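S.K.:
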Amino acid sequence: MQNRIVSSLVCLIVCGPLQVIAADEAVDFSHDVLPLLKKHCASCHAAGTYKGDLSIDTRESLIRSGAVTAGDLESEFLVRLNSEDNETRMPFGKPALAPAEIETLTAWVKQGLPWEEGFSFAETSAKRPLQLQEIELPTSADWGDHPIDRLVGSYWQEQGLERPGSVSEQRFVRRAYLDLIGELPDPAVIQTHLADEGTDRRERLVDSLLADEVGYAEHWLTFWNDLLRNDYVGTGFIDGGRKQITDWLYRSLRENKPYDQFVRELISPTGDSEGFIRGIRWRGRVNASQIRELQFSQNVGQVFLGINLKCASCHDSFIDDLKLTDAYGLAAVIADQPLEIHRCDQPTGEVAKAQFVYPELGELNPELPRDQRLQQLAELLTKEENGQFSRTIVNRIWQRMMGRGIVHPVDVMSGDAWSPELLDYLAQYLVDQEYDLKALIRLIATSQVYAAKATSWNPVEDVEEYVFVGPHVKRMSAEQFMDAIWKITGTGPNDSAFKTGERGNRPVRASLVISDTLMRSLGRPNREQVVTTRPDSLTTLQALDLSNGERLTQMLANGAAKLVDGNVSPDEMVQNSFQLALSRPPSGDELQLSSSLIGEDPSQESVSDYLWVLLMLPEFQLIR
């Protein structure tokens, strides 16, 4: 037990920074903190003026200045705000902050300096045109014929970077399996791939994975469940204030429904696809910005356009040029009754007019019935001229496969792209392929860039200094982790309801079942709100659950019992489990150490301990 706790602490160091969540009431950056920074700090420490070498342009620049450390109440930032000395107190030469203001900023520091993703005080670059730009591929064939390789190769040349090496065949197979269908490859698949001497074996592997309709659907179901707030239990289901779209979503993924049609069926829905736009009916009184009509506005803007209408649902946005009327105009599309605009939760007496956030694409007729307004919105949203629509999903897919978006964060599509040419090329490619998402995924997965060796990326690095050097190491999702454990241990759900029809006798996937405590600990959200990316960093709760959690302990015990009953030798047990978990055989030292841990006469306890050690390896938990 003690060894497991020590190992979990080592894993914290290896796998990522520790995130500490305080129990205090959460501070809202946009509403509570940003107005204070603008009022008291920005004139001296932002947007090109950095007195005392202090920049508050971004969270990263603030931390880098050394004036404040997340969670540290002794930081110079707070000391100077509280100082009674006019020579050291900030803001210098101005009245001291009110006690309530200092209390808010203290809570902000204590809670880890939460920041609105993508916000910066620095002046932003020119607004990206709504319509996609025509991209001419670089003429040099040094990178082959693949368009992604040519565009990224040209980018690397401009950055003075050398082309990274390619991963081994075993690692490529494991990466492709986990990225495309979310499962570990069988050892036989790897052996077949290694024996294949064809120059196009990687392309054929990708094609075979994308042809697996069930595997593809059940893996990408997780991605879309997060984006569309679709879950199987939770807030809203008891009183009918929420509705699943699982059957429709699963069929749509199996059919590889074109993305524009997919979105039109969500916005102008049938009975089985209406759950997304209905939102959640919260119990009790809610802030005016949380009503279901504004949930619709916020969710549509975030998921399909990569814009933040949450701030603009209360007042004109502090973080971009979106207005209160933009959020309410979109909300009015779905409203059954006239929708009064509220500013900061106070009624204004004005009634919202149904409109799209990009009026240049066409107008909505506010006099039409609700269903016809939704139909008009669905058509405007998915118009080919709406480059924001295609760019947003392309960026999300790239982030899912490469570990970081071309635009980061993925919900701030007004931000800079490290390669605007690549972004628009991929977006136009998707349009030209009639919005076939599998075709987009295939294009990415068959590039040399995708097959390059992965690098570690610290998600708190300064975005302005980011340079793309290749795919980033990714952590397994909660669902991938569970599926992998079930496969290695031969355990998992045994619900006959999932083993009928076209699924055959395939094992049940974690994406199809109700979340348990371990999956929630590993990052699977409750999906009461849109979730576009999950945290990359290991938390204390995850470390504890992985070291001594009841759920994992029981699964490993059950799997160990099966292996012991199988009457295989320790060496054979190690060989098989290494091939399944890591897609490679053990080295001589690994075989010797693992076999000695299992013992000459394997017991359930010794095999369980061995499995735990194997599953805690970063090589297992990371997609490289």
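Last residue of the sequence shown: 614 (the numbering used here), numbering continuous. Built from N, CA and C at the ideal position, the CB exists for glycine as well. None of the values given here were measured: they were computed from a predicted structure.
Going along the chain, which residues of its own chain have a beta-carbon closer than 6 Å to the beta-carbon of Arg524, five neighbours each way excluded?
M.R.: Cβ neighbours of Arg524 beyond the five flanking positions: Gly513.
S.K.: Apart from the five residues on each side of it in sequence, which residues of its chain come closer than 6 Å, Cβ to Cβ, to Lys552?
M.R.: If we look at Lys552 and ignore the five residues flanking it on each side, its Cβ neighbours are Gly480.
S.K.: Going by DSSP, what residue range makes up the beta strand (DSSP E) through His332?
M.R.: Glu330 to Arg333 is the extent of the beta strand (DSSP E) around His332.
S.K.: Can you tell me whether DSSP reads Thr372 as helix, strand or coil?
M.R.: Coil.
S.K.: Can you list, in chain order, the stretches of the alpha helix (DSSP H) that have 4 or more residues and sit fully within the stretch 253 to 306?
M.R.: Qualifying alpha helix (DSSP H) stretches, in chain order: 265 to 268 and 282 to 295.
S.K.: Determine the burial state of Ser263: buried for a count of at least 16 other Cβ atoms within 10 Å of its Cβ, exposed for fewer.
M.R.: That one is buried.
S.K.: Give the secondary structure of His319 by DSSP, where H, G and I count as helix, E and B as strand, and everything else as coil.
M.R.: Reading off the sequence shown, one finds Gly at residue 319, where the question assumed His. Here Gly319 sits in helix by DSSP.
S.K.: Over what stretch of residues does the beta strand (DSSP E) that includes Val341 continue unbroken?
M.R.: Run containing Val341: Gln336 to Val341, per the beta strand (DSSP E) assignment.
S.K.: Going straight from the alpha carbon of Arg386 to that of Leu416, what length do you get?
M.R.: So the alpha carbons of these two residues sit roughly 12 Å apart.
S.K.: By Cβ distance below 6 Å, which residues in the same chain neighbour Ser446 in space, the five residues on each side in sequence not counted?
M.R.: Cβ within range, chain order: Val463.
S.K.: With DSSP run on the structure shown, which of helix, strand or coil describes Tyr40?
M.R.: DSSP places Tyr40 in strand when its eight states are reduced to three.
S.K.: Which runs of the beta strand (DSSP E), 3 residues or longer, sit entirely within the stretch 384 to 450?
M.R.: Those beta strand (DSSP E) runs which fall completely within the stretch 384 to 450 and span 3+ residues do not exist here.
S.K.: Taking 7 Å as the limit between beta carbons, can you name the residues of its chain near Val450, skipping five residues before and five after?
M.R.: Because the pLDDT at Val450 is just 48, under 50, the model does not fix this residue reliably, and the value given afterwards should be weighed accordingly. Excluding residues within five positions, the ones whose Cβ falls inside 7 Å are Glu50.
S.K.: By how many angstroms is the C-alpha of Arg465 removed from the C-alpha of Asp526?
M.R.: About 7 Å.
S.K.: Apply the 10 Å Cβ neighbour rule to Asp422 and answer buried if 16 or more other Cβ atoms are within range, or exposed otherwise.
M.R.: With fewer than 16 other Cβ atoms within 10 Å, it is exposed.
S.K.: Between the C-alpha atoms of Leu174 and Lys443, what's the straight-line distance to the nearest angstrom?
M.R.: Answer to the nearest angstrom: the Cα atoms are 19 Å apart.
S.K.: Report the option in Arg70, Ser501 and Asn277 whose CA atom is closest to the CA atom of Thr212.
M.R.: Answer by Cα proximity: Ser501.
S.K.: Any idea what DSSP makes of Ile504, helix, strand or coil?
M.R.: Ile504: coil per DSSP, three-state reduction.
S.K.: With distances taken Cα to Cα, identify the nearest neighbour of Pro576 among Glu609, Val558, Val554 and Gln147.
M.R.: Cα-wise, what sits closest to Pro576 is Glu609.
S.K.: Between the C-alpha atoms of Lys373 and Pro483, what's the straight-line distance to the nearest angstrom?
M.R.: Cα to Cα, the separation comes out at about 43 Å.
S.K.: Per DSSP, what kind of secondary structure is Lys464 in: helix, strand or coil?
M.R.: Strand, per DSSP.
S.K.: How would you call Cys31, buried or exposed, if buried means at least 16 neighbouring beta carbons within 10 angstroms?
M.R.: Its Cβ being crowded by 16 or more others within 10 Å, Cys31 is buried.
S.K.: Within 10 angstroms of its Cβ, does His332 collect 16 or more other Cβ (buried), or is it exposed?
M.R.: Result: buried.
S.K.: Starting from Gln569, follow the alpha helix (DSSP H) in both directions and report where the run begins and ends.
M.R.: Segment Pro560 to Leu572, the alpha helix (DSSP H) holding Gln569.
S.K.: Tell me whether Thr529 sits in a helix, a strand or coil according to DSSP, three-state version.
M.R.: Correct three-state label for Thr529: strand.
S.K.: If you follow the alpha helix (DSSP H) that Met545 is part of, which residue opens it and which one closes it?
M.R.: It spans Glu540 to Asp555 - the alpha helix (DSSP H) in which Met545 sits, taken as one unbroken run.
S.K.: For a quick check, are the C-beta atoms of Ile297 and Phe266 less than 8 Å apart?
M.R.: In this structure, Phe266 does not lie closer than 8 Å to Ile297 by Cβ.
S.K.: What whole-angstrom Cβ distance do Asp216 and Arg517 have, given they're in contact under 8 Å?
M.R.: Going by Cβ atoms, the distance from Asp216 to Arg517 rounds to 6 Å, so yes, they are a contact pair.
S.K.: Could you check whether Gly172 and Asp473 sit closer than 8 Å to each other, using their CB atoms as the reference points?
M.R.: In this structure, Gly172 lies closer than 8 Å to Asp473 by Cβ.
S.K.: For the pair the stretch 381 to 395 and the stretch 335 to 348, tell me if three or more CB-CB distances fall below 8 Å.
M.R.: The answer is no - the stretch 335 to 348 does not touch the stretch 381 to 395, with fewer than three Cβ pairs under 8 Å.
S.K.: For Ile504, count neighbouring Cβ atoms within 10 angstroms of its own Cβ and tell me buried if that reaches 16, exposed if not.
M.R.: Burial call: exposed.
S.K.: Where does Ser156 fall in DSSP's three states?
M.R.: Correct three-state label for Ser156: strand.
S.K.: Cα separation between Ser409 and His209?
M.R.: Those two C-alpha atoms are separated by around 28 Å.
S.K.: On the DSSP bridge assignment, give the partners of His35 in chain order.
M.R.: Paired residue(s): Tyr40.
S.K.: Buried or exposed: which applies to Leu604, given that a residue is buried once 16 or more other Cβ atoms fall within 10 Å of its Cβ?
M.R.: Buried, since its Cβ has 16 or more Cβ neighbours within 10 Å.
S.K.: If you count every other CB in all the chains shown that lies within 10 Å of the CB of Lys300, and 16 or more means buried, which is it?
M.R.: Buried, because 16 or more other Cβ atoms sit within 10 Å of the Cβ of Lys300.
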